[in-house]
Amino acid sequence: MTATIYVSQASFDTMTLIAPLDYYDRCTLSDVPETDPTGRPGYYLKNLENLDVSVLPEGAHIALHLNTGDSAVSFPADLRGCIFERAPSLPPNYHAIIAYWSGPPFNSNAGGAAYYQCPAQSYTVSLAALDADPDLISNCHSTPLIDALVSEGIVVSVTGLDSRLANASDDDFVSIILPIDSALVCLDNGDFLTGKPYGVEANRAEQIFLNVRDIKQSPDPASIYIDILRYEELDYGFYY
1209 MTATIYVSQA SFDTMTLIAP LDYYDRCTLS DVPETDPTGR PGYYLKNLEN LDVSVLPEGA
1269 HIALHLNTGD SAVSFPADLR GCIFERAPSL PPNYHAIIAY WSGPPFNSNA GGAAYYQCPA
1329 QSYTVSLAAL DADPDLISNC HSTPLIDALV SEGIVVSVTG LDSRLANASD DDFVSIILPI
1389 DSALVCLDNG DFLTGKPYGV EANRAEQIFL NVRDIKQSPD PASIYIDILR YEELDYGFYY
């Protein structure tokens, strides 16, 4: 079971537009002002292929607004980048939480992700299966012969919602503003796999909504992790 991430209609339209496009096709769109999607809401939200996304219902009641700077929302550097299943210092129940909120990673565990692990969570991932069957690299699908890729990008951490939503209805929603650190989502980004803090004082932001029922039914309502933000190198293929 996975939760649904809710967004505005405008964000959903942008996500739908760019979902089937690779990096080069997006650049082609960006060359023409009339088709350029880069400034639209939803541009930096992750690919729809594995993420369960719906438009926020009309008239939805927002029980809690988590705006930029709210202490409940953070972007941990020690969860940024590719993280495999036996990473040494993950938060409790991370595998179940990230799978519930994010679904499976967009990329394969066999395409080179092992070389772009989060430094704080890295270990030697055996790639012996690739020597036996090099086609595993090119088929773009994960294989059980290699440790599972759990998350791959900019993970958002949201904490303490269990207590802040104690009186909320199951049908209510939480609004979360996600500032976009343009220095960490761009191409040719040498700081992505470092401990550089995520910049929350940004001029650009995305907005998502979580359903209170989904929060209450999640593996840990007090600790939410969502692999939700798209960055250019993820799609370009430097990592994979």
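Each step along the sequence shown adds one to the number in our numbering, with nothing skipped, and position 199 is 1407.
All C-beta atoms, glycine included, are put in the ideal place defined by N, C-alpha and C.
Exposed or buried, Ile-1270, counting other C-beta atoms within 10 Å across all chains shown (16 or more means buried)?
Here residue 1270 refers to the residue found at position 62 of the sequence shown. Per the 10 Å Cβ criterion, exposed.
Pull up the distance between the alpha-carbon of Ile-1436 and that of Val-1364, whole angstroms please.
Your numbering for residue 1436 matches position 228 in the sequence shown. Your numbering for residue 1364 matches position 156 in the sequence shown. Rounded to the nearest angstrom, the two C-alpha atoms are 7 Å apart.
Same chain only: Cβ atoms within 6 Å of Asp-1422, ignoring 5 sequence neighbours per side
Here residue 1422 refers to the residue found at position 214 of the sequence shown. Counting only Cβ-Cβ distances below 6 Å, and skipping sequence neighbours, we find Ala-1211.
Assuming Glu-1440 and Pro-1249 form a contact by the criterion Cβ under 8 Å, report the distance between their Cβ atoms to the nearest whole angstrom.
Counted from its first residue, the sequence shown places residue 1440 at position 232. Counted from its first residue, the sequence shown places residue 1249 at position 41. Contact flag wrong, Cβ pair sits at about 18 Å.
Use the C-beta contact count for Tyr-1251: other C-beta atoms within 10 angstroms, 16 or more gives buried, fewer gives exposed.
Sequence index remark: in the sequence shown, residue 1251 carries index 43 (1-based). That one is buried.
Going by the beta-carbon positions, is the gap between Tyr-1302 and Val-1382 smaller than 9 Å?
Here residue 1302 is taken as the residue at index 94 of the sequence shown, counted from 1. Here residue 1382 is taken as the residue at index 174 of the sequence shown, counted from 1. In this structure, Val-1382 does not lie closer than 9 Å to Tyr-1302 by Cβ.
Residue burial classification, Ala-1227 (beta-carbon count within 10 angstroms, cutoff 16)
Start at 1 with the first residue of the sequence shown, and residue 1227 comes out as number 19. The residue in question, Ala-1227, is exposed, as its Cβ has fewer than 16 Cβ neighbours within 10 Å.
With Ser-1282 and Ser-1316 assumed to form a contact (beta carbons below 8 Å), what rounded beta-carbon distance in angstroms separates them?
On the sequence shown, position 74 is the one that residue 1282 refers to. On the sequence shown, position 108 is the one that residue 1316 refers to. 28 Å between Cβ atoms; not a contact.
Taking C-alpha atoms, which residue in Gly-1398, Met-1223 and Ala-1304 lies nearest to Cys-1326?
By 1-based counting over the sequence shown, the position of residue 1326 is 118. Checking every option, the nearest Cα to that of Cys-1326 belongs to Gly-1398.
Quick check on the DSSP output: what are the complete alpha helix (DSSP H) runs of length 4 or more inside the region 1353-1415, in order along the chain?
1369-1372 and 1390-1393
Please classify Gln-1329 as buried or exposed, where buried requires at least 16 neighbouring CB atoms within 10 angstroms.
As a first step, residue 1329 is located in the sequence shown; it is residue number 121 there, counting from the start. Per the 10 Å Cβ criterion, buried.
So the candidates are Leu-1418, Pro-1387 and Asp-1396; which of them puts its Cα closest to the Cα of Pro-1405?
Locating residue 1405 in the sequence shown gives position 197, counting from the first residue. Answer by Cα proximity: Pro-1387.
Which residue or residues does DSSP assign as beta-bridge partners of Phe-1292?
In the sequence shown, counting from the first residue as 1, residue 1292 sits at position 84. Note: Phe-1292 sits in a beta bridge opposite Leu-1357.
Between Pro-1405 and chain D, is any beta-carbon pair separated by less than 9 Å?
Absent from the structure is chain D; it holds one protein chain and no more.
DSSP on Gln-1325, reduced to helix/strand/coil?
Here residue 1325 is taken as the residue at index 117 of the sequence shown, counted from 1. Strand, per DSSP.
Any contact between the region 1331-1343 and the region 1220-1238? By contact I mean 3 or more CB pairs, one from each, below 8 Å.
no
Which two residues bound the contiguous alpha helix (DSSP H) that contains Tyr-1420?
To locate residue 1420, count along the sequence shown from 1; it is residue 212. In the sequence on display, residue 1420 carries Val and not Tyr. Here the alpha helix (DSSP H) through Val-1420 covers 1420-1424.
Just to check my reading of the structure: Ala-1356 and Phe-1314 have Cβ atoms closer than 8 Å, yes? What is that Cβ distance to the nearest angstrom?
Residue numbering aside, residue 1356 sits at position 148 when the sequence shown is read from its first letter. Residue numbering aside, residue 1314 sits at position 106 when the sequence shown is read from its first letter. Contact doesn't hold; Cβ gap of about 14 Å is too wide.
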